[in-house]
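Read top to bottom, the protein sequences are chains W and L. Quick note: the first sequence, position 55, residue 55 per this note's numbering, numbers continuous. Quick note: the second sequence, position 288, residue 1288 per this note's numbering, numbers continuous. Inspection log for the structure reproduced underneath, given as structure tokens.
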Amino acid sequence: MTKKNWLAVGIIGGILLLLAVISYFYMTQRKIVQKRVNISVVVYGSTAERWVAFKQGVDQAASDFGGIVNFVVLTESGSSREQMEQIDRELENGAQGIAAAVTDSSGMAEYIGSISNRVPVVLAENKVEGSQAVTCVEANAYEMGQALAHQAAEGTAKEVPVSIVLMGENKSSLKERLDGFRAGCADEGRKIEQNFYPSRDSMSRILESGKENILVALDDLSLEMTEKVIRDSEADIRLYGIGSSEQIVFALDQGYIEGIVFQNEYNMGYEVTDTLIQKIRKGVADEAMEIDFHQATGATLHNPENERLLYPIIQ
Amino acid sequence: MRQKVRNIWEYIKERYQTASISSITAVSFTIVSVISLGFAGVLLYGRFSSSTEDLIARNNIQLMNQVSLNLETSVRNMMRLSNSMYYCVIKNVDLGVEKLDGEMNLMYESNRDDLVSLACFDEEGNLVAATPIASLKPSVEITAQSWFQKANEKMENLHFSTPHVQSIFADSTSRYSWVISLSRTVELTRGGEISRGVLLVDMAYSGIEQLFDKVNTGGAGYTYLIDGAGEIIYHPRQRAIYSNLNKENNLEAAKYEDGSHRENFEGNERSVTVKTVGYTGWKIINVVPTDEFYLDLTQMRLFVFLIVVFAILCIAMLNIFISGRIATPIRRLEASVRELEKGNLNLEIYEDGSQEIRHLGRTLRSMVEQMQCLMEDIVVEQEAKRKSELDALQSQINPHFLYNTLDSIVWMVESGQYKEAISMVTALSRLFRISLSKGKTIITLAEEAEHARNYMNIQKVRYKNRFEFTMEIEPGIQQYSTIKLVIQPILENSIYYGMEYMDGDGIIKVRGYEKDGDILVDVLDNGPGMPREVVDYLLTDGKRVRKKGSGVGLMNVHQRIRLYFGEPYGLEIISEPDEGTLVRIHLPKTFEREGREQ
Chain W
1 MTKKNWLAVG IIGGILLLLA VISYFYMTQR KIVQKRVNIS VVVYGSTAER WVAFKQGVDQ
61 AASDFGGIVN FVVLTESGSS REQMEQIDRE LENGAQGIAA AVTDSSGMAE YIGSISNRVP
121 VVLAENKVEG SQAVTCVEAN AYEMGQALAH QAAEGTAKEV PVSIVLMGEN KSSLKERLDG
181 FRAGCADEGR KIEQNFYPSR DSMSRILESG KENILVALDD LSLEMTEKVI RDSEADIRLY
241 GIGSSEQIVF ALDQGYIEGI VFQNEYNMGY EVTDTLIQKI RKGVADEAME IDFHQATGAT
301 LHNPENERLL YPIIQ
Chain L
1001 MRQKVRNIWE YIKERYQTAS ISSITAVSFT IVSVISLGFA GVLLYGRFSS STEDLIARNN
1061 IQLMNQVSLN LETSVRNMMR LSNSMYYCVI KNVDLGVEKL DGEMNLMYES NRDDLVSLAC
1121 FDEEGNLVAA TPIASLKPSV EITAQSWFQK ANEKMENLHF STPHVQSIFA DSTSRYSWVI
1181 SLSRTVELTR GGEISRGVLL VDMAYSGIEQ LFDKVNTGGA GYTYLIDGAG EIIYHPRQRA
1241 IYSNLNKENN LEAAKYEDGS HRENFEGNER SVTVKTVGYT GWKIINVVPT DEFYLDLTQM
1301 RLFVFLIVVF AILCIAMLNI FISGRIATPI RRLEASVREL EKGNLNLEIY EDGSQEIRHL
1361 GRTLRSMVEQ MQCLMEDIVV EQEAKRKSEL DALQSQINPH FLYNTLDSIV WMVESGQYKE
1421 AISMVTALSR LFRISLSKGK TIITLAEEAE HARNYMNIQK VRYKNRFEFT MEIEPGIQQY
1481 STIKLVIQPI LENSIYYGME YMDGDGIIKV RGYEKDGDIL VDVLDNGPGM PREVVDYLLT
1541 DGKRVRKKGS GVGLMNVHQR IRLYFGEPYG LEIISEPDEG TLVRIHLPKT FEREGREQ
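Below, the structure is given as structure tokens:
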């Protein structure tokens, strides 16, 4: 054979070898499995069922996008200090990203700012002050407050006094809900009488007045506590609130609560996790969508749409 | 464009036709291999993909049949329960006398895994009996319930609802249950009077969920359940769909008939298999995105492609090797022929390789040997011919010269000029001795000069000294060789054509010298000279008839020198009318003697 032929045979031999190697790798490696990422979701303590739907969304997104989730709910009395320590522990244990529903929007601002420089951080429901760069997945809390005001005003006479049950005002969402509620009341020409802490002592005057009153709670915990306080009371109190825990839905169904405004917790959990995993994988994430919120009363609770959101099918 | 394609085709055709035998063989075999293997690969892939599609479709149908069977069993159990409740209990009980609760509780307890509640209502929606919770919420309006209305719409049928939360009972706990309500109208007997009522069987949704969860664990695609209107009863991502995070093509799927369909939903091509569940009108839908469906096929396509490419490359390599094996002996034989073309007849002709090539080589070698023999014969013949021609030329000495010389000698003897006669006889004798030279063709230049001098001595006597003759040959060149009788014929011409009309003032000069490595002998006379036209044909026109002289003319000398020494040598004539003539003899500087003559 000539030199040219030997060269051709050599080149073809090389290509054959290359093909063999490519074939081997391609055939043996059926699918490129994307490496799963470890994330921690640390949420503030609330009622027992507060985070059920949220966690379902987190789990679904983790399953869809390849995340391993450690979901931590702080104690009901969880402080910002406890939450920060928990996040530190999660980071020490190898969390590649943190999703948090902070317990104190102002007190944790500096801390969230500092950890966001180390790992991707996504916040749920509550922003932290001064850290605009940290993505926050939330419903429009101001509009939720307004919607609640309109819902409360719709079912009662104008002269019925309105009182707000307040707890945990250090959360940004609560402040915005309060602002929204006040603005809504102003629109409806309603005057807010006073604010209460949800205990029998602090509400004793209303409970014992015998007059019709509207009570409004702006989060799950205070709504559940208020509902417990007024359940056995003879007082003519119409309770409205923001929240969608199993206890709240039951109370709405039983008629103890007149109406609720609730955010789509499942979506929030899903979106938070999706955004966080994107941030870990790509360094950036698509703009987080604003979470939808809905309203329900005793009459509309069993509409198919509300049932699907408020009675989660555990999957 | 067409012309361009044609040009390219022509170029390829030309390259192919003029390529080496090795390239033609390798390329032809490779093209045939590519076509046949490509064809085989396409057939193989087509067959495989069709089989795979069939297999997946069969598996899907099998899976759905299994799901359908399980679901139908579950639904039939509920229907059987409803029938039992109606035909065995309600129909046999007069509500005016006894209650349904006991039998109903029994029914519930024996089916509690699949049941959430059992209840019976009269046509106004009043509770007749219920279990496990026997009281309704005060606010609930039974006649407004969808299952109640639908049962009354189609009285003869059982009605299945979509999943919903059963919220009519006064449950003191916050537990809730997703159910599928099976409702039907029943005839209630109260105090002998028959009225219409509705029997409600709440089937636990979790049973259906578990059934479908089993078939949705891993694998490609998923299976979901819709009612006849397309409302989702079960979906593996039901919560995400309810939250608008995912969408499903359930409303369109409700229109599909049983069997396999292809659909494009949100830009994704999907294979959908539909199976209707008997009686309920529900449809089990199996969805396999074609991306996943064709994942194996894509791999198979790549695999077939790699195999085909692999085989083609192997065959190409084999082709190159085989064509090399075939073409190398031919190429070597061709190289031998090329060498032969260059005139190298003494090379070793290639005689290896295949039988045919060996035969060709042997034949060629035999031919070359024959050619060599023939060529040697030709050379010998040519040499002989040249010798005979030379001899013939040399023998062209005019007999008249001898006759005239001898006549002059007789005349000298008769007139008593014995001394002159002796001198002339002596010169003649020497002339002949050199002429003969013992048969030699090659003599030294000194001998040739001596021969010329003797000849001129004879001619000077004959021409009574009408001219003067001088000869100067450089001593350094006298030992070199020349063919004999080259100067004398030129001198003869000079005498006959140049000196005939001279009256004592003729001059003939001979001058021999070396120039540029060759020997030049100039024969110069001051005769009348010749015009250029005459000079031009003197050395070219062989047929020209000599009028006088010894007969060994210029043409003779010129041919003899060229015949022996080759092309560059011979005579050169320079002459002008009334100016005389110079004939220059050009000889090589050589010592050839016997060898050449042999």
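Think of the CB as a built atom: it goes at the ideal place given N, C-alpha and C, for glycine as much as any other residue.
Measuring straight from C-alpha to C-alpha, what distance separates L1347/L and S1336/L?
Those two C-alpha atoms are separated by around 8 angstroms.
- Got a sec: is the Cβ-Cβ distance from C1314/L to anything in chain W below 8 angstroms? Yes, C1314/L lies at the interface with chain W (some Cβ there is under 8 angstroms from its Cβ).
DSSP-derived helix/strand/coil call for W1411/L: Correct three-state label for W1411/L: helix.
**Prompt:** In three-state terms, what does DSSP make of G1192/L?
**Reply:** When DSSP states are grouped into helix, strand and coil, G1192/L belongs to the coil group.
- Query: Where do the N-terminal and C-terminal ends of the alpha helix (DSSP H) with L1211/L fall, by residue?
  - Reply: From DSSP, the alpha helix (DSSP H) with L1211/L extends over 1205-1215.
**Message:** For the structure I just gave you, are there three or more beta carbon pairs, one from the segment 1272-1283 of chain L and one from the segment 1052-1072 of chain L, closer than 8 angstroms?
**Reply:** The segment 1272-1283 of chain L makes contact with the segment 1052-1072 of chain L; the number of CB pairs closer than 8 angstroms reaches 3 or more.
Worksheet item: According to the Cβ coordinates, are T1189/L and L1095/L closer than 8 angstroms?
Response: Cβ atoms of T1189/L and L1095/L: closer than 8 angstroms.
Under 8 angstroms between C-beta atoms of V1116/L and S1195/L: For V1116/L and S1195/L, no; Cβs fall outside 8 angstroms.
Range of the contiguous beta strand (DSSP E) that encloses M1471/L: Here the beta strand (DSSP E) through M1471/L covers 1467-1473.
Cβ-based burial, Y1418/L [other Cβ within 10 Å; buried from 16]: When all chains shown are included, Y1418/L counts as exposed.
- Can you pull the DSSP bridge partners for N195/W? Partner(s): I164/W.
Name the residue from S1036/L, G1038/L, M1300/L whose alpha carbon lies nearest to the alpha carbon of S1050/L.
Distances from the CA of S1050/L to each of S1036/L, G1038/L, M1300/L were compared; the closest alpha carbon is that of M1300/L.
- Cβ-based neighbour list, S1575/L, same chain, cut-off 6 angstroms, excluding 5 preceding and 5 following: G1529, M1530, V1535, T1581, listed in sequence order.
* Asked: Is I214/W near V160/W, with beta carbons less than 8 angstroms apart?
  -> Taking C-beta atoms as the reference points, I214/W and V160/W count as a pair closer than 8 angstroms.
Under the rule that 16 or more other beta-carbon atoms within 10 Å means buried, what is H1359/L, buried or exposed? Answer is exposed; the Cβ neighbour count stays below 16.
Notebook entry, point to check: Using the C-alpha atoms, what's the distance from D64/W back to G366/W?
Noted result: Look at the range of chain W in this structure, 1 to 315, and you will see that residue 366/W is not part of it.
Exercise. Is there contact between the segment 127-136 of chain W and the segment 146-159 of chain W, where contact requires at least three CB pairs shorter than 8 angstroms?
Worked result: Touching, no, given that fewer than three Cβ pairs across the two stretches are closer than 8 angstroms.
Is E125/W close to chain L? Criterion is C-beta to C-beta, closer than 8 angstroms. No, E125/W lies away from the interface with chain L (no Cβ there is under 8 angstroms from its Cβ).
**Prompt:** What does a CB cutoff of less than 8 angstroms around E1613/L pick up in its chain, not counting 5 residues either side in sequence?
**Reply:** Within the shown structure, residues of chain L are numbered from 1001 to 1598, placing residue 1613/L beyond reach of any answer.
ask   = Using the beta-carbon of each residue, which ones in chain L are nearer than 8 angstroms to L16/W?
value = Chain L residues near L16/W: F1310, L1313, C1314, M1317.
| request: For Y270/W, return the contacting residues in chain L, with the cut-off set at a CB-CB distance below 8 angstroms. | output: Ordered by position in chain L, the residues that pass the 8 angstroms Cβ test against Y270/W are A1240, S1243, L1245.
- request: Tell me whether the beta-carbon of A99/W lies closer than 8 angstroms to the beta-carbon of I39/W.
  value: Inclusion of A99/W and I39/W in the CB contact set at 8 angstroms is warranted, their separation being smaller than that value.
message: Beta carbons nearer than 7 angstroms to chain L: which residues of the segment 239-273 of chain W have them?
response: Hits within the stretch, in order: E246, Q247, F250, D253, G255, N264, Y266, N267, Y270.
Report task. Indicate the three-state DSSP secondary structure (helix, strand or coil) for F1591/L in the structure shown. Result -> Three-state DSSP puts F1591/L in coil, outside helix and strand.
_Under 8 angstroms, with one C-beta from each stretch per pair, do the segment 1142-1155 of chain L and the segment 1169-1185 of chain L reach the 3-pair mark?_
Enough Cβ pairs lie closer than 8 angstroms, so yes.
- Message: Please list, in chain order, the chain L residues whose beta carbon lies closer than 8 angstroms to that of V9/W.
- Response: Proximity of chain L to V9/W at the Cβ level (cut-off 8 angstroms) is accounted for by M1317, I1320, F1321, in chain order.
> Can you tell which of R1237/L, V1201/L, D1227/L has the C-alpha that lies nearest to the C-alpha of T1217/L?
Replying inline: Minimum Cα distance to T1217/L is reached at R1237/L.
*Nearest chain L C-beta to N5/W closer than 8 angstroms, yes or no?*
Yes, because at least one Cβ of chain L sits closer than 8 angstroms to the Cβ of N5/W.
**Study point:** Reduced DSSP category for L1136/L - H, G, I as helix; E, B as strand; rest coil
**Key:** Note: L1136/L maps to strand in three-state DSSP.
| is_contact[E307/W, chain L] using C-beta, thresh 8 angstroms | For E307/W, the answer is yes, since a Cβ of chain L falls inside 8 angstroms of its Cβ.
Residues of chain L with a CB under 7 angstroms from the CB of I214/W: which are they? Per Cβ cutoff of 7 angstroms: no residues; I214/W is ~20 angstroms from chain L at best.
Residues that I230/W contacts on chain L, provided the C-beta gap is smaller than 9 angstroms:
What I230/W touches in chain L, judged by beta-carbon distance under 9 angstroms, is nothing: the nearest beta carbon there is about 17 angstroms away.
Please decide whether E1594/L counts as near chain W, where near means a Cβ-Cβ distance under 8 angstroms. The predicted model places E1594/L with a pLDDT of 47, which falls under 50 and marks its position as unreliable; any figure quoted below should be read in that light. It does not; no Cβ of chain W falls within 8 angstroms.
- Task: Kindly provide the ranges of any alpha helix (DSSP H) runs that are 4 or more residues long and lie completely inside the segment 222-275 of chain W, ordered along the chain.
- Result: Counting only runs of 4+ residues, the alpha helix (DSSP H) found wholly inside the segment 222-275 of chain W occupies 246-254, in chain order.
Is E1447/L closer than 8 angstroms to I1434/L when the C-beta atoms are compared?
At a Cβ-Cβ threshold of 8 angstroms, I1434/L and E1447/L count as neighbours.
Buried versus exposed, by CB contacts within 10 Å (16 or more), D1578/L:
Result: exposed.
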